[in-house]
Ligand SMILES: [Fe+2]
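In the numbering used here, the protein residues as written are 1 to 293.
(1) Excluding the 5 residues preceding and the 5 following residue 208 in the sequence, name in chain order all residues of the same chain whose CB lies nearer than 8 Å to its CB.
(2) So, using beta-carbon positions, are residue 115 and residue 267 closer together than 9 Å?
(3) Can you tell me whether residue 135 sits near ligand 1, meaning its C-beta is under 8 Å from at least one heavy atom of the ligand?
(4) For a quick check, are the C-beta atoms of residue 254 and residue 169 less than 9 Å apart?
(5) Cα separation between residue 39 and residue 95?
(6) In angstroms with no decimal places, state the Cα-to-Cα distance between residue 102 and residue 123.
(7) Going by the C-beta, is residue 5 closer than 8 Å to any heavy atom of ligand 1?
(8) Please report the straight-line C-alpha distance between residue 141 and residue 74, rounded to a whole angstrom.
(9) Taking the alpha-carbon positions, what's the residue 270 to residue 53 distance?
(10) Tell me which residues share the same chain as residue 12 and place their Cβ nearer than 6 Å to its Cβ, disregarding the 5 neighbours each side in the sequence.
(11) If we count the other Cβ atoms within 10 Å of its Cβ and call it buried at 16 or more, is residue 71 buried or exposed?
(12) Short of 7 Å in beta carbon distance, which residues of its chain neighbour residue 283, apart from the five on each side in sequence? Order them along the chain.
(13) Under the rule that 16 or more other beta-carbon atoms within 10 Å means buried, what is residue 153, buried or exposed?
(14) Sort 280, 279 and 274 by Cα distance to residue 109 and report the nearest one.
(15) In whole angstroms, give me the CA-to-CA distance for residue 212 and residue 81.
(16) Return yes when at least one heavy atom of ligand 1 lies under 8 Å from the C-beta of residue 148, else no.
(17) Under the assumption that residue 139 contacts residue 218 (Cβ atoms under 8 Å), give the Cβ distance between them as a whole number of angstroms.
(18) Within its chain, find whatever has a CB closer than 7 Å to the CB of residue 32; leave out the 5 residues flanking it on each side and keep chain order.
(19) Can you find a heavy atom of ligand 1 that lies under 8 Å from the Cβ of residue 163?
(20) Compare the C-alpha of residue 41 against each of 173, 289 and 264 and name the closest.
(21) Have a look at 47, 83 and 87 and flag the residue whose alpha-carbon is nearest the alpha-carbon of residue 68.
(22) Mark residue 222 as exposed unless 16 or more other C-beta atoms lie within 10 angstroms of its C-beta, in which case mark it buried.
Encoded structure:
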């Protein structure tokens, strides 16, 4: 079962003790959620006004996202002035998130890549979607258009809900237990399909066998009602004002309710890990007896 490891860190920029650094990396790579209950993200007055006093700009989908490559913000109907406030707020969160990784996970700094930043002001509960996109079902992260070829997906979240509402998750079993549950029944990829998907621009780069099996696993977990209802799991409410990190490609998770959340994605090559044997890539390769990426 997924465990929660807590650290009493109060500053994004550290410093963090050697013990905290070791605890953090061991917990994350083992597949725990790393909870920092005292690490909040402080909002400026104009940001509060924009989002929390019912003057919030409308959101197009479920997230507003920031691309750090060009500081572009997507997913809102904000006007130019509001967009400036949004951008500054999200850039600051991205900067703080990177500072925390430097302070708490220094072993990752030379190989980690910072991905997109998102702000999620929309309520998760009751949102209509297809079963495949329904994140209230337990799943591990794997995205059809973005193959990672084994790279880890590390995500950092901060709940900034101003009404005292927690971000309520379900957390599942350890990755190897879930993999063993489904592995024998996952179909092989169609010959040549990865090249065709990349050529047509459906995937960003070639989908490896690892990506194929991770997508299958994601889908099988979400489609399996019996597993969703009675597979090993626990509930956890992430209180407002707390931050947590988790390898979402490894830890089965489901977001049941909550709104007003920041999220920052990082990618890490398996070779950049302290213990690569714990990665989903190496676990699947060991269980299947062959290379997958
Ligand atoms: Fe997810």
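All C-beta atoms in this analysis are idealised placements derived from N, C-alpha and C, irrespective of residue type, glycine included.
Let me lay it out:
(1) Here residue 208 is taken as the residue at index 208 of the chain shown, counted from 1. Excluding positions up to five away in sequence, the list reads 147, 149, 150, 194, 292 and 293.
(2) Taking the first residue of the chain shown as 1, we reach residue 115 at position 115. Taking the first residue of the chain shown as 1, we reach residue 267 at position 267. Yes; because the gap between Cβ atoms is below 9 Å, this pair is in contact.
(3) The residue given as residue 135 occupies position 135 in the chain shown. Yes; taking the cut-off as 8 Å, the Cβ of residue 135 has a heavy atom of ligand 1 nearer than that.
(4) Counting from 1 along the chain shown, the entry for residue 254 is found at position 254. Counting from 1 along the chain shown, the entry for residue 169 is found at position 169. With respect to residue 169, residue 254 sits close: the two C-beta atoms are nearer than 9 Å.
(5) Along the chain shown, one-based indexing puts residue 39 at 39. Along the chain shown, one-based indexing puts residue 95 at 95. So the alpha carbons of these two residues sit roughly 15 Å apart.
(6) Translated into positions along the chain shown, residue 102 becomes position 102. Translated into positions along the chain shown, residue 123 becomes position 123. In this structure, the straight-line span from the alpha carbon of residue 102 to that of residue 123 is close to 31 Å.
(7) As a working note, residue 5 is residue 5 in the chain shown. Every heavy atom of ligand 1 is 8 Å or more from the Cβ of residue 5, so no.
(8) Residue 141 sits at position 141 when you count from the first residue of the chain shown. Residue 74 sits at position 74 when you count from the first residue of the chain shown. Distance between the alpha carbons of residue 141 and residue 74 is about 21 Å.
(9) Position 270 of the chain shown, counted from the first residue, corresponds to residue 270. Position 53 of the chain shown, counted from the first residue, corresponds to residue 53. Taking the straight line joining both Cα atoms gives about 43 Å.
(10) Position 12 of the chain shown, counted from the first residue, corresponds to residue 12. Around residue 12, the same chain offers 96, 99 and 100 as residues with beta carbons nearer than 6 Å, after the five sequence neighbours per side are excluded.
(11) On the chain shown, residue 71 is found 71 positions in, with the first residue counted as 1. Exposed: under 16 other Cβ atoms inside 10 Å.
(12) Taking the chain shown and counting its residues from 1, the one referred to as residue 283 is at position 283. So the qualifying residues of the chain are 175, 176 and 179.
(13) Locating residue 153 in the chain shown gives position 153, counting from the first residue. When all chains shown are included, residue 153 counts as buried.
(14) Within the chain shown, the letter at position 109 stands for residue 109. By alpha-carbon distance to residue 109, the top candidate from 280, 279 and 274 is 274.
(15) Locating residue 212 in the chain shown gives position 212, counting from the first residue. Locating residue 81 in the chain shown gives position 81, counting from the first residue. One C-alpha to the other measures close to 43 Å.
(16) As a first step, residue 148 must be located in the chain shown, where it is residue number 148. For residue 148, the distance from the CB to the nearest heavy atom of ligand 1 is not below 8 Å.
(17) Along the chain shown, read from residue 1 onward, the residue named residue 139 stands at position 139. Along the chain shown, read from residue 1 onward, the residue named residue 218 stands at position 218. About 5 Å; that satisfies the 8 Å criterion.
(18) Position 32 of the chain shown, counted from the first residue, corresponds to residue 32. Closer than 7 Å at Cβ, skipping near neighbours: 2, 3, 4 and 5.
(19) Start at 1 with the first residue of the chain shown, and residue 163 comes out as number 163. Checking the Cβ of residue 163 against ligand 1 gives no.
(20) Looking up residue 41 in the chain shown gives position 41. Of the listed residues, the one whose Cα sits closest to residue 41 is 264.
(21) Here residue 68 is taken as the residue at index 68 of the chain shown, counted from 1. Considering only alpha carbons, the answer is 87.
(22) For this step, residue 222 is matched to residue 222 along the chain shown. Buried, because 16 or more other Cβ atoms sit within 10 Å of the Cβ of residue 222.
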